[in-house]
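*Asks:* Let me give you the structure first, and then I'll get to my questions.
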Amino acid sequence: MRTISIDQSVRMIPDGASIMIGGFLGVGTPERIIDEIVRQKKRDLTVIANDTATPDKGIGKLVRAKLLRKVIVSHIGLNPETQQQMMAGELEVELVPQGTLIERIRAAGYGLGGILTPTGIGTPVEAGKQQIEVAGKLYLLEIALRADFALVQAFIADYSGNLGYALTARNFNPVIAMAAGTVIASADNIVPVGVISPDHVVTPAPVVDYLVANA
Amino acid sequence: MLVNLGIGIPTLVANHLPPGMHVFFQSENGLIGTGSVPEEGMAHPTLTDAAGHPVTALPGASTFDSAVSFGLIRGGHLDLTILGGLQVDQSGRLANWTIPNKMVPGMGGAMDLVSGAKRVIVAMLHAAKGASKIVKTCTLPITSTRPVDLVVTELAVIKFCDGRATLMETAPGISAAQVSAATDAELVMPADIPEMSL
């Protein structure tokens, strides 16, 4: 684990990268990293996240700056710009049921090839997917979803990379922290090693590659 | 009991709990024990509901990640969800997530909620722009093949038993014939159809 500057954290992300980003309607999204991606004009990105927030918040800023090629999300309803770019064919939008999306990410992070879920059977979501019967009930095979980078927002971090989260800002963050090639964390508070009680560490230090220093 | 309320009309249900009834409300962004809207100045940026609005957390509340949240929903731990609807067909199948080429917000948690909750109630208006929302067959893409248990509208309470829509109650001053006339679906009419008690 290395502590790096906000500039360095984004410089390592190449154009065209796939990025998981924490947050639920912008709550629990690493806003400083988002702003730096906009400033460095990273292009052609694929974003995997719960939603595209609102146009002026979180992932919405990446949509507005037209830095995205594709989003894999469960909801775009509060971001009219995502919908406009989708209708205009400028942005590819793959909609995934929220519980399926988080389980596909969890599967990748936990070394599984995918998961079986009843969600989506008999709906447009089942198109092109294998159906498997287990004990008389039908499930969809949903395959694991990984990314090149995970951008994680924590409430508290120590300098070894242990992370803890706050209230509803937790959402996708600890799950994406397990499922990406390179994990970059940002935290409201960075404290010396030993300050966070082991019981309060949610994401263990070894999975975090970089911690963005607070200015 | 653990209950998840959808956005819109279902959200209002929380204001009408009978005294003494203990319910945990879940927000699928990762909270059990969702309370009322915070007083002026008491909102916290990391305590929000599934619409991103500030909420409070009641004593006994818990927070968790999205995998746990949807484990609760799909895993048989959620006693009840009350959701909005665009159409419900006469076998109880719900469409509530998209109007192709017009409204494409994404399904969010709706498909998991309908597939996974122990009991599903739809709270919606009976008709939209003069057209009955309780239809013979959904023309909109459905949310799940799992039929809902109950639909409550401003005109009627309709239950789905054995794959058929059955008129259980009418709104005060509304006759069963008026409900039937306002409904595209075929309704089973029991001999006794009481008025809703409000």
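Protein sequences appear in the order of chains W and S.
The numbers in the first sequence follow the working numbering, run straight up by one, and end at 405.
The numbers in the second sequence follow the working numbering, run straight up by one, and end at 649.
In this text, a Cβ means the ideal position worked out from N, Cα and C, and glycines have one as well.
1. As a quick exercise: from W:A395, W:I333, W:P364, pick the residue whose alpha carbon is nearest that of W:G213.
2. In the DSSP assignment, find the unbroken alpha helix (DSSP H) run with S:A628 in it and report its ends.
3. Which residue comes first and which comes last in the beta strand (DSSP E) that contains W:S208?
4. So, at 8 Å on beta carbons, what are the nonlocal neighbours of W:I311 in its own chain, with the 5 sequence-adjacent residues on each side left out?
5. How far does the alpha helix (DSSP H) with W:N363 in it extend, from its first residue to its last?
6. Any beta carbon from chain W within less than 9 Å of S:R597's own beta carbon?
7. Along the beta strand (DSSP E) that carries W:I374, what are the first and last residues, could you check?
8. Could you list which residues in chain W have their beta carbon closer than 7 Å to that of S:I593, in chain order?
9. Could you have a look at S:N466 and say whether DSSP puts it in helix, strand or coil?
10. Could you please give the first and the last residue of the uninterrupted alpha helix (DSSP H) stretch that includes W:S350?
11. Quick one: what's got a C-beta closer than 7 Å to W:V381's C-beta in the same chain, skipping five residues either side?
12. Which residues, in chain order, does the region 361-376 of chain W contribute to contact with chain S at a C-beta distance below 8 Å?
13. Buried or exposed, going by whether 16 or more other CB atoms sit within 10 Å of the CB of W:N240?
14. Decide if S:A607 is buried, meaning its Cβ has at least 16 other Cβ atoms within 10 Å, or exposed.
15. Please name the residue or residues paired with W:T307 in a DSSP beta bridge.
16. For W:E293, return the contacting residues in chain S, with the cut-off set at a CB-CB distance below 8 Å.
17. In chain W, which residues lie with their C-beta within 8 Å of the C-beta of S:R525?
18. Given this structure, state the Cα-to-Cα distance separating W:T272 from W:T242, to the nearest angstrom.
19. Are there 16 or more other CB atoms within 10 angstroms of the CB of W:E289, so buried, or fewer, so exposed?
20. Short of 6 Å in beta carbon distance, which residues of its chain neighbour S:T532, apart from the five on each side in sequence? Order them along the chain.
21. Return the residues of the region 607-631 of chain S that lie within a Cβ-Cβ distance of less than 7 Å from chain W, sorted by chain order.
22. With 9 Å as the limit, tell me which residues of the region 335-356 of chain W have their beta carbon closer than that to any beta carbon of chain S; keep them in chain order.
23. Measuring alpha carbon to alpha carbon, tell me which of S:C612, S:L468, S:T462 ends up nearest S:M452.
24. How about S:P461: is its C-beta nearer than 9 Å to some C-beta of chain W?
25. Classify S:F515 as helix, strand or coil using the three-state DSSP reduction.
26. Out of W:Y355, W:G304, W:T236, state which residue places its alpha-carbon closest to the alpha-carbon of W:G206.
27. Suppose you measure from the CA of W:I209 to the CA of W:V261; what does that come to, to the nearest Å?
28. With C-beta atoms as the reference, is S:M562 less than 9 Å away from S:T594?
29. Where do the N-terminal and C-terminal ends of the beta strand (DSSP E) with W:D197 fall, by residue?
30. Hey, how far is the Cα of W:E293 from the Cα of S:A508?
31. Using a Cβ distance threshold of 8 Å, determine whether the region 390-401 of chain W contacts the region 353-361 of chain W, with at least three qualifying pairs required.
32. Contact check, W:V373 vs W:V397 under 8 Å by CB: the rounded distance?
33. Exposed or buried, S:P581, counting other C-beta atoms within 10 Å across all chains shown (16 or more means buried)?
34. Output the distance between the C-alpha atoms of S:E646 and S:G486, rounded to the nearest integer angstrom.
35. Using the C-alpha atoms, what's the distance from W:M368 back to W:R254?
36. Buried or exposed: which applies to W:V385, given that a residue is buried once 16 or more other Cβ atoms fall within 10 Å of its Cβ?
*Replies:* With the structure as the only source:
1. Looking at the Cα atoms, W:P364 is the closest of the given residues.
2. Element bounds for S:A628: 627-632.
3. From DSSP, the beta strand (DSSP E) with W:S208 extends over 208-211.
4. Once the five neighbours on either side are set aside, the close Cβ partners of W:I311 are Q321, L328, Y329, L330.
5. W:N363 -> alpha helix (DSSP H) spans 363-366.
6. Yes - at least one Cβ of chain W is within 9 Å of the one on S:R597.
7. It spans 370-381 - the beta strand (DSSP E) in which W:I374 sits, taken as one unbroken run.
8. G312, T313, listed in chain order.
9. DSSP places S:N466 in helix when its eight states are reduced to three.
10. Where W:S350 is concerned, there is no enclosing alpha helix (DSSP H), given that its DSSP letter is neither H nor E.
11. Here the set comprises I346, D348.
12. Residues N361, F362, N363, P364, V365.
13. Burial of W:N240 is indicated by the presence of at least 16 other C-beta atoms within 10 angstroms of its C-beta.
14. Buried: at least 16 other Cβ atoms inside 10 Å.
15. BP columns for W:T307 point to W:L330.
16. Going along chain S in sequence order, the residues near W:E293 (Cβ under 8 Å) are A518, F521.
17. Those within 8 Å of S:R525 in chain W are G289, T307, P308, T309.
18. Going by the C-alpha atoms only, they are around 7 Å apart.
19. The sequence shown places Gly at residue 289 of chain W, rather than the Glu named in the question. Result: buried.
20. If the five residues before and after S:T532 are omitted, its C-beta is found closer than 6 Å to the C-beta atoms of N455, L564, A568, V571, all from its own chain and listed in chain order.
21. Within the region 607-631 of chain S, contact with chain W at the beta-carbon level (separation under 7 Å) is assigned to no residue.
22. Of all residues in the region 335-356 of chain W, the ones placed with a Cβ closer than 9 Å to any Cβ belonging to chain S are F345, Y355, A356, in chain order.
23. With distances taken between Cα atoms, S:M452 lies closest to S:L468.
24. The beta-carbon of S:P461 is placed no less than 9 Å from the nearest beta-carbon of chain W.
25. Three-state result, S:F515: coil.
26. When W:Y355, W:G304, W:T236 are compared, the shortest CA-CA separation from W:G206 is found for W:T236.
27. One C-alpha to the other measures close to 10 Å.
28. The Cβ atoms of S:M562 and S:T594 sit closer than 9 Å to each other.
29. DSSP places W:D197 in no beta strand (DSSP E) but in the uninterrupted alpha helix (DSSP H) bounded by 196-201.
30. Their Cα atoms are separated by approximately 26 Å.
31. Contact holds between the region 390-401 of chain W and the region 353-361 of chain W, because three or more Cβ pairs, one in each stretch, are under 8 Å apart.
32. That pair is a contact at about 6 Å.
33. Rather than Pro, the amino acid found at residue 581 of chain S in this sequence is Gly. With fewer than 16 Cβ atoms within 10 Å of its Cβ, S:G581 is classed as exposed.
34. S:E646 and S:G486: Cα-Cα distance of roughly 32 Å.
35. A straight line joining the alpha-carbon of W:R254 with that of W:M368 spans about 28 Å.
36. With fewer than 16 other Cβ atoms from the protein chains shown falling within 10 Å of its own Cβ, W:V385 counts as exposed.
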